[in-house]
Amino acid sequence: MDFYTVLWREMLVFKRTWWKFLASRLVNPVLYLTAFGWGLGQDIHTGSGTYLDFVVPGIIALSAMTTSFNTTGTGVNMSRLYYKTLEEYLIAPISAVSFVLGKVLAGTLRGLVSSLIILVLGIFFEARIAVTGWFFAVTGIACFLFAALGVVAAMLINSHEDMANFSTFVILPMAFLCGTFFRAERLPGIVADVVGILPLTHASYALRSLAAGGVVPAVSVLALVGYAAAFFAASVWTIRRIR
Amino acid sequence: MIEIRGLKKNYGQRQAVADLDMKIEEGEVFGLLGPNGAGKTTTIRMLTMLTRPTSGEAFIAGYEVSRDLDRVKQVIGIVPQHMNLDLELTARENLELHGRLYKIPVAERCRRTAELLAFTELVDRADDLVSTFSGGMKRRLMIARALFHRPRVLIMDEPTIGLDPQARRRIWDLIRQMNRDGVTVLLTTHYIEEAEALCRRVGVMDQGRMIALGTPAELKERVGRFVVESLNGGQANYTLYGTREEALRHAVKLAGGVTIRETSLEDVFIQLTGRRVGD
Ligand SMILES: Nc1ncnc2c1ncn2[C@@H]1O[C@H](COP(=O)(O)OP(=O)(O)O)[C@@H](O)[C@H]1O
Ligand SMILES: [Mg+2]
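Quick note, the sequences are listed as chains A and B, same order. So the first sequence is residues 58 to 300, counted in the working numbering. So the second sequence is residues 597 to 875, counted in the working numbering.
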């Protein structure tokens with residue numbers, strides 16, 4: 058239950074600042090939906106359905122990634138390098154697993170909230186999305202895995218500047234290339250193959266398929282679970298390493 | 597209560613702490629005194645495994661810190677050199693978080709929070725965010741937090757660094773008070789007067805080595821209890837003597853402004869290293 062203490066602290070802060078979080082989470086998706094969905098999208102044809110139906114699951118996956126990654130990435134990195142509050146947890150009699158689980162669940166929750174905002178906005182923009190339990194489950198797994206990746210990055214990267222660089226060189230390209238705004242198969246040969254195995258690609262494809270009312274995309278779901286387990290194990294390792 | 601045997605830490609070529617041996621008795625206030633870079637923080641961090649020793653062992657309350665870290669954690673309270681309170685939480689919430697991390701039951705948590713807020717005189721600011729606190733208040737809250745789980749040993753790294761004289765006095769009073777309540781205290785400082793005011797015994801560190809260890813009186817005895825200070829062409833000269841009589845006999849031979857005073861720990865440090873603590 059130690060992880061709950063770590064999560065409790067995060068929720069305390071979240072309750073205090075949730076309106077700021079909501080407001081900041083609204084800006085990006087509204088712009089994306091306006092520009093790509095409603096503006097550009099009118100002229101784009103995707104076989105079945107509108108471009109908006111196509112792009113909303115992609116934006117949900119993207120937002121799950123950035124929000125969850127940034128929550129733990131920035132939080133843990135600042136706590137380690139700047140505020141030094143990480144030491145309070147390292148000195149306390151709690152395990153590395155509890156610490157990581159608490160932080161990752163906090164990141165997952167924020168990611169889910171921001172995904173929900175986009176879902177509501179998307180429906181407001183008249184996207185047709187089949188909202189099922191599986192849809193939320195897959196979003197949750199995606200949030201979890203990117204939150205865990207955030208902890209790994211925060212523990213391995215030794216300056217705020219390099220954290221920002223990681224976002225620019227790794228997270229941002231993924232946001233655009235991983236099947237969020239267009240099908241990744243359209244990318245040239247080898248690039249398409251590499252992008253095809255990345256977690257965000259699996260997340261956007263799985264969500265898109267579920268949103269269209271399709272069957273559960275087993276391969277993508279398994280891939281996401283695999284990434285989540287691997288990143289979680291890696292983040293526990295990074296905490297144990299500095300003990 | 598604390599025993600260190602052959603503790604050593606290298607950062608690459610640089611030796612931050614070299615072969616440290618010392619023993620701290622239950623119930624005492626022990627001070628590690630030394631200039632910046634002497635290796636005090638590194639020593640203390642090795643006691644909590646925040647820094648891994650290159651070699652050597654350390655025991656706290658009979659537990660070896662690397663093997664029995666979980667037990668050690670329950671026995672010690674830490675006040676680190678850098679302010680590491682959670683600025684996004686209130687004072688009360690910081691204590692609550694600490695209490696939960698140490699699995700203290702809710703009733704005890706409430707009692708302890710009230711007790712320690714009173715002890716550190718923070719009751720009227722208990723529900724304010726820590727980001728609005730002054731340096732002295734933050735230090736006091738860090739002490740309250742470190743004491744929360746009733747540790748037998750309190751380890752404080754430069755507890756009054758950067759505080760004004762008044763805030764410093766309040767911290768000193770707190771340290772004396774909790775020591776009277778039975779808490780063993782290990783503190784580091786580069787303020788001579790702090791070591792002199794608080795510590796039963798002092799270990800003088802310089803460049804990673806323990807160069808002297810004993811009560812302030814013993815250390816002064818070793819170098820000479822009286823100082824003759826003379827000005828010679830704008831240059832201050834110090835000579836140390838074992839007794840006031842010897843010092844007097846020497847002083848009358850000197851021309852110009854001569855003062856005789858009792859040796860301070862600063863003089864001890866200068867004698868042992870040829871430098872001032874501040875240099
Ligand atoms: N993480 C580190 N990497 C490299 N050198 C370090 C590190 N931490 C401390 N040092 C070096 O070890 C020496 C002792 O430092 P420290 O223990 O902080 O001294 P003090 O606390 O007495 O001022 C210094 O020379 C310092 O530069
Ligand atoms: Mg220090």
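Here a beta-carbon is modelled for each residue, glycine too, at the ideal position from N, C-alpha and C.
Interface partners of B:LYS636 on chain A, CB under 8 Å: By Cβ distance, chain A contributes nothing, its closest Cβ being about 17 Å from B:LYS636, past 8 Å.
Nearest-angstrom beta carbon gap, A:THR237 and A:ILE116 [assumed within contact, 8 Å]: 7 Å
According to DSSP, residues forming a beta bridge with B:VAL749: B:ILE672, B:THR780
Whole alpha helix (DSSP H) elements within the stretch 119-185 of chain A, 4-residue minimum: 143-148, 153-181
Rounded separation between A:GLY168 and A:ASP110 - CA only: Taking the straight line joining both Cα atoms gives about 21 Å.
Contact set between B:LYS849 and chain A, taken where Cβ atoms lie within less than 8 Å: By Cβ distance, chain A contributes nothing, its closest Cβ being about 56 Å from B:LYS849, past 8 Å.
The stretch 853-867 of chain B contacting the stretch 814-826 of chain B, beta-carbon criterion three pairs below 8 Å: yes
Alpha-carbon spacing of A:MET212 relative to A:GLY159, whole angstroms: 15 Å
A:ALA263 at chain B interface by Cβ criterion, 8 Å: no
Contact set for B:ALA832: own chain, Cβ-Cβ below 7 Å, skip 5 residues either direction: GLU825
beta-carbon B:GLN611 near ligand 2 non-hydrogen atom, thresh 7 Å: no
CB contact below 8 Å: A:LEU149 versus chain B: The sequence given here has Ala at residue 149 of chain A, not Leu. So, interface residue.
Contained beta strand (DSSP E) runs [length at least 3] in the stretch 787-829 of chain B, N- to C-terminal order: Unbroken beta strand (DSSP E) runs of no fewer than 3 residues, entirely contained in the stretch 787-829 of chain B, are found at 797-802, 805-810, 822-828, following chain order.
Residue range of the unbroken alpha helix (DSSP H) whose run includes A:ASP59: 59-89
Counterpart residues of B:LYS734 in DSSP-defined beta bridges: None, per the DSSP bridge assignment.
Strand pairing of B:MET915, partner residues [DSSP]: Since the first residue of chain B shown is 597 and the last is 875, residue 915 of chain B is not available in this structure.
Own chain residues within Cβ distance below 8 Å of B:ASP682, not counting five before or after: GLU689, ASN690, LEU693, VAL726
Cβ-Cβ distance between A:LEU281 and A:VAL195 below 8 Å: yes
Buried/exposed call for B:PRO761, threshold 16 Cβ in 10 Å: exposed
Selected residue, minimal CA-CA separation from B:ALA710, among B:SER662, B:ALA612, B:LEU743: Per the Cα distances, B:LEU743.
Near-chain B residues of the stretch 59-93 of chain A (beta-carbon distance less than 9 Å), N- to C-terminal order: ASP59, TYR61, THR62, VAL63, TRP65, ARG66, LEU69, VAL70, ARG73, THR74
Contacting positions in the stretch 120-144 of chain A - beta carbon closer than 7 Å to chain B: From the stretch 120-144 of chain A, only TYR140, LYS141, THR142, GLU144 have a Cβ closer than 7 Å to chain B.
B:GLN867 in three-state terms, based on DSSP: helix
Buried versus exposed, by CB contacts within 10 Å (16 or more), A:ALA80: Flag for A:ALA80 reads exposed.
Contacts of B:GLU684 in chain A (Cβ-Cβ under 7 Å): VAL70
For B:VAL854, the first and last residue of its enclosing beta strand (DSSP E): 854-858
Selected residue, minimal CA-CA separation from A:VAL276, among A:ILE254, A:SER120, A:MET58: A:ILE254
Closer than 8 Å to chain A by CB, B:LEU646: yes
Best match in A:TYR146, A:ALA204, A:ALA118 for proximity to A:PRO86 [C-alpha to C-alpha]: A:ALA118
Cα-Cα separation between A:SER136 and B:ARG796, rounded to whole angstroms: 36 Å
Bounding residues of the alpha helix (DSSP H) (the contiguous stretch that carries B:LEU744): Before going on, a small fix: residue 744 of chain B reads as Phe here, not Leu. It is not in any alpha helix (DSSP H) - B:PHE744 carries neither H nor E in the DSSP assignment.
Closer than 7 Å: B:ASN632 CB and nearest ligand 1 heavy atom: yes
Exposed unless 16 or more other CB atoms sit within 10 angstroms - verdict on A:PRO230: A:PRO230 is exposed by the Cβ-count criterion.
Through-space distance from A:VAL177 to A:VAL208, alpha-carbon basis: 29 Å
Contact residues within the stretch 660-678 of chain B, judged by C-beta distance below 7 Å to chain A: Identification of residues in the stretch 660-678 of chain B having a C-beta nearer than 7 Å to some C-beta of chain A yields ASP666, LYS669, GLN670, ILE674, PRO676, HIS678, given in sequence order.
Cβ neighbour criterion (16 or more within 10 Å) applied to B:TYR787: Taking all protein chains in view, the Cβ of B:TYR787 is crowded by 16 or more other Cβ atoms within 10 Å, so the residue is classified as buried.
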